[in-house]
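Convert by adding 224 to the 1-based position in the sequence shown; the result is the number in this note's numbering. Here a beta-carbon is modelled for each residue, glycine too, at the ideal position from N, C-alpha and C. The structure displayed is predicted, hence computed values, not measured ones.
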Amino acid sequence: MARWPQSARQIMAIICVVILALLTTFTLTAQDDAQRLVGSGIALPLLEDLATAAEQSLNVEVTGTDAGFQQFCAGEASMVASIRAINSMEDTLCAENGISYIELLVANDVAAAIVKEDDAMPTCLTTAELDIMLAPSATGSVMDWSTFVEVNADASEEATPAPELSVYLPEMMTRQYAIADAFVSGDGFRADATLTSEDEIVAAVSETTGALGLVSLPVAQAAEGVRVLQLNDLTAGTGCYTPTAEAFEASNYTLGTPVLLYVEASAQDASEGFLTTLTADNETVATSDEFVAISENAMAINASVLAGETTDGRQFTTAETTFAIPAALSGEIAVGGTGVGYDYVNNALSQLTAAQPELSVQYQIEGNDAGVRRLCNGEVDFILASVGLTDEQAAACDANEIVPVTIPMGTRAAVLVSNANDDFAACLTTEDITTLWSVNAEGENISNWSTLPGDFPDQDVTLFAPSLGNVYGDLLVESAQPIPPLRDDANVFADTLYRAAATANVEGGITYMGWTDYQRVVNNGQTGIQLVAVDAGSGCVTPSEATIEDSSYPLTESAQLIVAQSSLANVNVQSAIWTLFDDANAAMLQGSGLVGINLNQLPSIRQDLERQFVEASEMAAAPATDTSDEAVSDETDEASTEEGATDDEQSSDEESSDDAEANTADDATTEEATETSSE
């Protein structure tokens with residue numbers, strides 16, 4: 225199931241206002257001996273309606289999420305409702321007080337972007353595009369749909385201009401406003417957006433060409449004259465999704481929040497009738513409150529949790545980690561290795577050093593072998609690598625007591641796109657590709673497909689290439705040894721969408737791009753093209769996320785960090801690696817063309833990182849236990865030279881112990897600084 229993002233500053237700021245309003249009007253009580261349900265004023269009205277439908281008496285009190293979890297984990301409430309996951313500090317408080325609990329999904333609060341039903345607008349927007357259209361920075365700059373409509377390589381100068389963009393958003397003090405505000409970058413929305421009721425939004429959008437509205441999904445589904453847009457979260461790398469319970473619960477559609485219920489274990493029997501409703505279809509109740517009913521899969525998970533069939537009662541969210549980057553870092557991080565993933569690492573860590581002026585990152589990008597040599601000599605903290613260590617390299621590290629830790633970053637792939645009418649270009653060998661795109665030994669470039677070995681027709685070759693220096697070019701020809709230079713007579717266009725459109729219009733045309741770029745082409749609705757399979761000697765393999773990740777598709781290159789374990793005990797290195805796998809940089813990671821890590825996987829990766837940080841710190845502190853007073857005492861009868869050596873060792877170990885204590889203090893400060901949000 226999904227790992228939903230934790231509450232953000234923007235959504236909490238709005239929800240605080242909503243809760244204050246609700247507290248003046250919504251304090252529901254039942255029998256004094258009823259189960260006490262506390263928490264979010266956003267979620268509680270729905271839960272009370274479900275309890276009423278189940279004829280269950282509950283003592284319901286709006287406390288806000290933070291206070292609700294505090295009371296729940298102190299044993300003062302049987303249940304707590306929330307639109308965010310319980311955090312690690314709250315979970316620890318529950319554990320300290322002997323409170324065990326289960327987590328159930330109640331409903332989904334999902335927003336939908338809508339346009340006029342018969343508008344010739346895209347069927348799908350990326351989350352980044354929607355953000356651009358709604359953000360405060362769009363005021364006065366993003367005034368029409370020209371950036372978001374399909375590219376047409378044949379478009380004449382007299383083509384109909386893109387319609388003007390008008391934006392309609394929910395009123396403040398509403399759930400949908402809070403969801404939108406949490407989604408959009410910056411403070412608030414574009415200044416020219418119209419904030420009004422959902423009924424007015426639907427009416428305006430249904431009558432206005434170029435209008436874009438945001439309403440709750442049940443309202444959008446019941447409306448006439450509007451069309452619901454799909455969204456494509458490029459950070460997840462899963463394509464366009466229509467808003468549904470299934471898509472939202474899988475985090476494929478991200479415009480919304482979950483409604484969660486945490487139930488103390490001993491309260492389950494007394495609330496059985498009410499809780500059982502969460503294992504059945506509650507669409508009528510959910511829709512009437514403008515929520516989206518949970519999927520059949522979520523119902524089944526709820527039933528399994530209630531029946532005690534799972535070892536972990538928390539099936540819908542991922543536990544938060546406690547590590548946080550300290551407010552003030554200083555020192556230097558040394559990075560070596562190859563150029564694979566360098567652009568992403570450099571961009572992400574540049575953001576870190578911009579926020580931490582006393583911290584610097586030094587790069588020595590010299591290739592895999594040179595990078596490993598520096599790592600094993602203790603000259604760098606970590607390297608970027610496209611291959612793992614050989615046995616000989618691992619032995620060299622071992623000889624210097626360097627323990628390498630590998631952290632995968634994904635796989636990069638070059639994909640070819642040809643004209644859909646060219647059946648002969650549906651699958652090409654790696655030799656064919658090298659011949660097409662490189663300068664041959666005689667310094668000549670082929671100009672006709674028939675020049676290739678095999679049954680190719682008499683058809684001119686038309687190459688559409690990205691700008692020189694594109695990172696995917698080398699992947700096309702690296703199977704040849706020595707690697708030949710790429711030809712420089714192709715038709716060069718930096719715009720991936722334009723190259724794809726041009727390829728569709730020219731028989732014999734072919735281009736290449738990264739996998740992420742190809743997804744943009746598909747989502748743009750480009751027709752007349754085909755994805756080229758590649759044969760490296762074991763048959764034709766079509767590129768896909770699966771074949772790229774397992775490298776069965778030939779034109780791939782893996783990216784990985786190889787870190788010295790001793791460096792993982794260093795808070796500077798910890799912070800750098802944490803930054804690379806931060807949710808805030810997920811879009812940048814996906815945009816770098818690396819496949820295999822999406823937003824849903826980042827929380828578990830950070831959990832692994834935190835575990836590795838702890839293990840490394842324990843290893844760094846371990847020598848201090850070897851120089852205890854008893855151990856030193858055992859050395860008193862040794863020769864004076866040995867005593868001098870022992871003194872030196874003890875001094876060094878005391879310094880290590882001081883460093884370990886400082887790291888522990890940093891961790892404690894970090895945990896204290898962990899943000900807790902209130903509704």
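Bridge partners of Glu285 according to DSSP: Val262. Bounds of any alpha helix (DSSP H) do not take in Gly437; it lies within the beta strand (DSSP E) bounded by Ala435 to Ser440.
Annotation for Glu327: the continuous beta strand (DSSP E) segment containing it runs Tyr325 to Lys340. Short of 6 Å from the beta carbon of Phe498, and not among the five residues preceding or following it, lie these beta carbons of its own chain, in chain order: Ala275, Ala278 and Gln280.
Bounds of any alpha helix (DSSP H) do not take in Tyr777, whose DSSP letter is neither H nor E. From the listed residues Thr780, Gly817 and Thr542, the smallest Cα separation to Asp832 is found for Thr542. Judged by their CB atoms, Val429 and Tyr401 are not nearer to each other than the 8 Å cut-off. Around the CB of Asp416, fewer than 16 other CB atoms lie within 10 Å, so the residue is classed as exposed. About 16 Å separates the CB atoms of Leu573 and Val564; that is not less than 8 Å, and the two are not in contact.
Gly733 counts as buried, since at least 16 other C-beta atoms from the protein chains shown sit within 10 angstroms of its C-beta.
Sequence-distant Cβ neighbours of Gln789 in its own chain, meaning closer than 7 Å and more than five residues away, are Val627, Val629, Ala840 and Met843.
In this structure the region 574–594 does not lie against the region 744–761, because fewer than three pairs of beta carbons, one per stretch, are closer than 8 Å. Residue pairing by DSSP places Pro482 opposite Asn332 in a beta bridge.
Between the region 597–609 and the region 555–571, the count of C-beta pairs closer than 8 Å reaches three or more; the two stretches touch. When the alpha-carbon of Gly410 is set against those of Ala726, Asp355, Ser365 and Thr432, the nearest one is in Asp355. One alpha carbon belongs to Ala305, the other to Val483, and they sit about 7 Å apart. Lys340 places its beta carbon 8 Å or farther from that of Thr478.
If you check the CB distance, Glu422 and Pro394 come in under 8 Å.
Within the same chain, no Cβ atom closer than 6 Å to the Cβ of Asp806 is found once the five residues on either side in sequence are excluded.
For the pair Ala491 and Met303, the CB atoms are nearer than the 8 Å cut-off. Secondary structure in the region 713–798: the alpha helix (DSSP H) runs of 4 residues or longer, each lying completely within the stretch, are 720–729, 739–747 and 769–773 in chain order.
Under the rule that a run must span 3 or more residues, the beta strand (DSSP E) segments found entirely inside the region 348–374 read 348–350.
Here Asn526 really is in contact with Leu502; their C-beta atoms are around 5 Å apart, less than 8 Å. For Ser264, the closest C-alpha among the options Leu485, Glu314 and Tyr325 is that of Leu485.
Here Glu625 is exposed, its C-beta having fewer than 16 other C-beta atoms within 10 Å. When DSSP states are grouped into helix, strand and coil, Thr420 belongs to the strand group. When the five nearest sequence neighbours on each side are left out, the beta carbons in the same chain lying within less than 6 Å of the beta carbon of Glu388 are those of Asp368 and Gly434, in order along the chain.
With distances taken between CA atoms, Ser390 lies nearest to Ala362 out of Ala362, Val569, Tyr566 and Thr289.
With the rule of 3 Cβ pairs closer than 8 Å, the region 711–719 counts as touching the region 685–692. Going by C-alpha positions, Ala810 is about 7 Å away from Asn822.
In the structure shown, Tyr696 falls within a coil segment according to DSSP collapsed to helix, strand and coil. Collapsing the DSSP output to three states places Thr630 in a strand. Contact annotation, Glu272 with Val284: C-beta distance approximately 5 Å; criterion of less than 8 Å satisfied.
Contact check for Phe372 and Leu358: beta-carbon distance about 12 Å, past the 8 Å limit, so the pair fails to qualify. About 6 Å separates the Cβ atoms of Asn669 and Asp713, confirming a contact at the 8 Å cut-off. Taking a C-beta distance under 8 Å as the contact criterion, Leu785 and Ile801 qualify as a contact pair.
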